[in-house]
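Structure first, commentary second.
2 protein chains.
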Amino acid sequence: MQRNTSRKRANLRDVAAAAGVSVATVSRVMNAPETVAEATRKKVEEAMNSLHWVPSAAARAINTGRTRFVGALVPTLDNAIFARMLASMESRLATHRLSLVVATTDNDPAREAEKAKGLVDIGAEGLVVSGITHAPEFYSLIERCQLPAVSTSFYDPHYQLPTIGYDNAAAARTALAHLTDLGHSRIAVVHGPSASNDRTQARIAGLESHSPKGDLSFYEVPLSIAGGCEAGRNVLQAKKQPTAILCLSDVLASGVLFELQRQGVSVPQEKSVMGLDDLAGSAHLFPELSTVHLPVSRMGAAAADAIAAWVETQKVPGAYLLRSDLVIRTSTAAAASVDC
Amino acid sequence: MQRNTSRKRANLRDVAAAAGVSVATVSRVMNAPETVAEATRKKVEEAMNSLHWVPSAAARAINTGRTRFVGALVPTLDNAIFARMLASMESRLATHRLSLVVATTDNDPAREAEKAKGLVDIGAEGLVVSGITHAPEFYSLIERCQLPAVSTSFYDPHYQLPTIGYDNAAAARTALAHLTDLGHSRIAVVHGPSASNDRTQARIAGLESHSPKGDLSFYEVPLSIAGGCEAGRNVLQAKKQPTAILCLSDVLASGVLFELQRQGVSVPQEKSVMGLDDLAGSAHLFPELSTVHLPVSRMGAAAADAIAAWVETQKVPGAYLLRSDLVIRTSTAAAASVDC
DNA sequence: ATGGTTGATGAAACTGGTTACATGTGTCAA
DNA sequence: TTGACACATGTAACCAGTTTCATCAACCAT
Numbered sequence: 001m002q003r004n005t006s007r008k009r010a011n012l013r014d015v016a017a018a019a020g021v022s023v024a025t026v027s028r029v030m031n032a033p034e035t036v037a038e039a040t041r042k043k044v045e046e047a048m049n050s051l052h053w054v055p056s057a058a059a060r061a062i063n064t065g066r067t068r069f070v071g072a073l074v075p076t077l078d079n080a081i082f083a084r085m086l087a088s089m090e091s092r093l094a095t096h097r098l099s100l101v102v103a104t105t106d107n108d109p110a111r112e113a114e115k116a117k118g119l120v121d122i123g124a125e126g127l128v129v130s131g132i133t134h135a136p137e138f139y140s141l142i143e144r145c146q147l148p149a150v151s152t153s154f155y156d157p158h159y160q161l162p163t164i165g166y167d168n169a170a171a172a173r174t175a176l177a178h179l180t181d182l183g184h185s186r187i188a189v190v191h192g193p194s195a196s197n198d199r200t201q202a203r204i205a206g207l208e209s210h211s212p213k214g215d216l217s218f219y220e221v222p223l224s225i226a227g228g229c230e231a232g233r234n235v236l237q238a239k240k241q242p243t244a245i246l247c248l249s250d251v252l253a254s255g256v257l258f259e260l261q262r263q264g265v266s267v268p269q270e271k272s273v274m275g276l277d278d279l280a281g282s283a284h285l286f287p288e289l290s291t292v293h294l295p296v297s298r299m300g301a302a303a304a305d306a307i308a309a310w311v312e313t314q315k316v317p318g319a320y321l322l323r324s325d326l327v328i329r330t331s332t333a334a335a336a337s338v339d340c
Numbered sequence: 341m342q343r344n345t346s347r348k349r350a351n352l353r354d355v356a357a358a359a360g361v362s363v364a365t366v367s368r369v370m371n372a373p374e375t376v377a378e379a380t381r382k383k384v385e386e387a388m389n390s391l392h393w394v395p396s397a398a399a400r401a402i403n404t405g406r407t408r409f410v411g412a413l414v415p416t417l418d419n420a421i422f423a424r425m426l427a428s429m430e431s432r433l434a435t436h437r438l439s440l441v442v443a444t445t446d447n448d449p450a451r452e453a454e455k456a457k458g459l460v461d462i463g464a465e466g467l468v469v470s471g472i473t474h475a476p477e478f479y480s481l482i483e484r485c486q487l488p489a490v491s492t493s494f495y496d497p498h499y500q501l502p503t504i505g506y507d508n509a510a511a512a513r514t515a516l517a518h519l520t521d522l523g524h525s526r527i528a529v530v531h532g533p534s535a536s537n538d539r540t541q542a543r544i545a546g547l548e549s550h551s552p553k554g555d556l557s558f559y560e561v562p563l564s565i566a567g568g569c570e571a572g573r574n575v576l577q578a579k580k581q582p583t584a585i586l587c588l589s590d591v592l593a594s595g596v597l598f599e600l601q602r603q604g605v606s607v608p609q610e611k612s613v614m615g616l617d618d619l620a621g622s623a624h625l626f627p628e629l630s631t632v633h634l635p636v637s638r639m640g641a642a643a644a645d646a647i648a649a650w651v652e653t654q655k656v657p658g659a660y661l662l663r664s665d666l667v668i669r670t671s672t673a674a675a676a677s678v679d680c
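Heads up: the protein sequence lines correspond to chains A and B, in order.
The C-terminal position of the first sequence is numbered 340 in my numbering, with every residue numbered one higher than the one before it.
The C-terminal position of the second sequence is numbered 680 in my numbering, with every residue numbered one higher than the one before it.
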């Protein structure tokens, strides 16, 4: 039995000894190969291979002060909107040679703070969070650690963290305007839980502040397709039937469309249905969903760039507003003549 | 200006000096508070707070040899099937006090190997990959680093890595059997790119090996809803019209359903459509999609448990087979009487 | 009074790299 | 022949923690 075969992993000194050089030379072979003589380099590389040496990330990190990964805190991965954002964030971070650690919060600020702590504990260099509602522990954590952190899915240049997102209130108003422009005045608004979800709150507030003459009725359901179905049923049971249903999330709109179809209510002839998000599947629902496109891919990339710049240069990035655009498809039409 | 205000982060010695104790004592306050006298502990904690001290993850990692995170390599985050798996993996890993680093591979083995290298470089303790097709560099990496790695979405007890997944061939056969049981004999099979996607390959192989008397015609399209639409158009242009369309992924089935609806082909009266995956939205398509349920949430949890056990105890977990179940909804029906 | 045990603490070694600085050699111009 | 300088390499300090072992006081039973 040789010593080499022992289970213990080789370290720098072992390699140096095997190659008959100093640790500094081995280190140079890794970090500045051009400063090492050809022959020496070869010897060292052979030693590395024969010892199956793998550099220790922790040891490097302790010297450079860099771990090369950042954390992202999202409410859930089950909604495609966040998955899509993370997808583009991940690929953009890769161009900065940064990796992405994902943690989910279930929209619970306490859990968010806890997970944020966990990310810091394992060495995250920066954090990307969603929205602007966070636990006090979260704020004290990032303040205490001087941790770069940006907030997404929300735009507010006066918020204490740089925000990279869209104007939720405006997006909701855009959707509403489209419906009112089509002559709808009695409109049902379907939304997910608003408690501790600032995006939803902002969208509702945007509608209320700008509420036209017509009356809006609000329906709060779980943020899922099943929730949308439930909302669809609830709306159909209302005494004064709305001519349009505005869903503050495409996921809910999917459920609403499904339920209306199941109950034989034709869209858009009998009722217009409007979404907000523009998920990949929304263009392929039946009928194709009119919605407001939220540029989550660009947002993910922008958030990646912002947090990368911050951790690299120590400069705090500015807030960044992304436009949201109306996407008119076939689920909306002029208000039924019945109303005229 | 005080020294304290300097930008440099405080370290253990600073805290020890401020509290008037040794570094060992400060370390104990963190890791074994009960061994430190009440009064001393308080002094130390005060010093920690006043210096805004945050322990260095890297320094801890270098001693314990643990970084407390593992990496997951998935083809994409844009398909809900992977997002859902990651969601459950993340939450199960959290119970093991492990975090999850996500990297996407676009089904490219070379990129996968590269990203795997990146994950190792930043200190991942283990890896979870999808499928069994990997680049040689990937295998040499995990062999060289002695890195715990498990494979998901595939079950093969003889594969060199522990596999935690379902039997793709059997799942495809289950779907096919459902259609043939309903009397369908001419069946179109729609699938995504099979090159370097072993799950798709296995599903196709499963169908071919078990192919019934009836003839199957295969349509390969991009794995997206748009791809499904394309497949729908292609199928409708075929000379010999099939009575059923078997999609080897629910995403494709969504597109197919959409296209058939758009073209006025009624489902399941004129054609049955079958999926495979059982995404969250599939129960709410129109018509509700018959499919084979792949237990991706349980798979994510199982993968998390396996990799966690491996990194904690150094024991290699065994392969784990998850059942896939037929889910009959309304998109499939007995073959049209035209055929009789 | 003495020896044994427990509890709290400190000194210093240790983890595995990076890097500032020192050293030694060879080349070239003065 | 010598001084200047580049180049290759080594020595040792350093990063920020953990951990082993030693020390010392207090307490208790003999």
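C-beta atoms are modelled at their ideal positions from N, C-alpha and C, and glycine is treated no differently.
- With contacts defined by Cβ atoms closer than 9 Å, A:Ser324 and A:Asp167 form a contacting pair.
- For the options B:Pro488, B:Ala387 and B:Arg451, the alpha carbon positioned closest to that of B:Pro476 is the one of B:Arg451.
- With respect to B:Asp448, B:Ser525 sits apart: the two C-beta atoms are not nearer than 9 Å.
- A contact between stretches requires three or more CB pairs, one per stretch, nearer than 8 Å, and the stretch 608-617 of chain B fails this requirement with the stretch 249-260 of chain A.
- Using a CB distance cut-off of 9 Å, B:Gln609 does not count as an interface residue toward chain A.
- DSSP, read as helix, strand or coil, puts B:Val469 in strand.
- Annotation for B:His633: Asp618, Ser664, Asp665 and Val667 place their beta carbon closer than 7 Å to its own, counting only its chain and skipping 5 residues before and after.
- A:Ser254 and A:Tyr159 have their C-alpha atoms spaced approximately 33 Å apart.
- Sorting A:Thr105, A:Glu288 and A:Ala94 by C-alpha distance to the C-alpha of B:Val442 places A:Ala94 at the top.
- Contacts between A:Gln261 and chain B, judged by CB atoms closer than 7 Å, involve Phe626 in chain order.
- In its chain, beyond the 5 residues on either side, Arg368 have a beta carbon closer than 6 Å to the beta carbon of B:Thr375.
- Remark: fewer than three beta-carbon pairs, one from each stretch, lie closer than 8 Å, so the stretch 512-523 of chain B and the stretch 85-94 of chain A are not flagged as touching.
- Using a CB distance below 7 Å, no part of the stretch 634-667 of chain B faces chain A.
- A:Met85 and B:Asp645 have their C-alpha atoms spaced approximately 27 Å apart.
- Nearest CB-CB separation between B:Phe558 and chain A: not below the 9 Å threshold.
- Contacts with chain A (Cβ-Cβ distance below 7 Å) from the stretch 368-395 of chain B involve His392 and Val394, listed in chain order.
- In the structure shown, A:Val221 adopts coil according to DSSP, grouped into three states.
- Identification of chain B residues near A:Val101 by a Cβ-Cβ cut-off of 9 Å yields Phe409, Ser439, Leu440, Val441 and Val442, ordered along the chain.
- Note that the C-beta distance between B:Leu413 and B:Val651 is not below 9 Å.
- Between A:Val221 and A:Gly192, the CB-CB gap stays under 9 Å.
- At a cut-off of 9 Å between C-beta atoms, B:Val468 does not count as an interface residue with respect to chain A.
- The C-beta of A:Thr133 comes no closer than 9 Å to any C-beta of chain B.
- At least one beta carbon of chain B lies nearer than 9 Å to the beta carbon of A:Cys145.
- In this chain, the beta strand (DSSP E) harbouring B:Val632 covers Thr631 to His633.
- Per the Cβ contact rule, the stretch 459-476 of chain B is in contact with the stretch 489-497 of chain B (3 or more Cβ pairs under 8 Å).
- Residue pairing for B:Leu556: DSSP places it in a beta bridge opposite B:Ile527.
- Here the stretch 38-48 of chain A does not lie against the stretch 58-72 of chain A, with fewer than 3 beta-carbon pairs under 8 Å apart.
- Between B:Arg669 and B:Ala623, the gap from beta carbon to beta carbon is short of 9 Å.
- At a cut-off of 9 Å between beta-carbon atoms, A:Arg13 makes no contact with chain B.
- With contact defined as three or more Cβ pairs closer than 8 Å, the stretch 555-571 of chain B and the stretch 635-649 of chain B are not in contact.
- Interface with chain B (9 Å Cβ-Cβ cutoff): A:Leu73 is excluded.
- Within the stretch 145-191 of chain A, the complete beta strand (DSSP E) segments of 3 residues or longer fall at 149-152, 163-165 and 187-191, listed in chain order.
- For A:Ser140, no chain B residue has a C-beta closer than 7 Å to its own C-beta; the minimum C-beta separation is roughly 10 Å.
- Using a CB distance below 8 Å, the part of the stretch 74-93 of chain A facing chain B consists of Thr76, Leu77, Asp78, Ala80, Ala83, Arg84, Leu86, Ala87, Glu90 and Ser91, ordered along the chain.
- Straight-line spacing of the CA atoms in B:Leu597 and B:Asp538 works out to 25 Å.
- The shortest C-alpha to C-alpha distance from B:Ala359 to any of B:Lys383, B:Arg573, B:Tyr660 and B:Ala528 is the one to B:Lys383.
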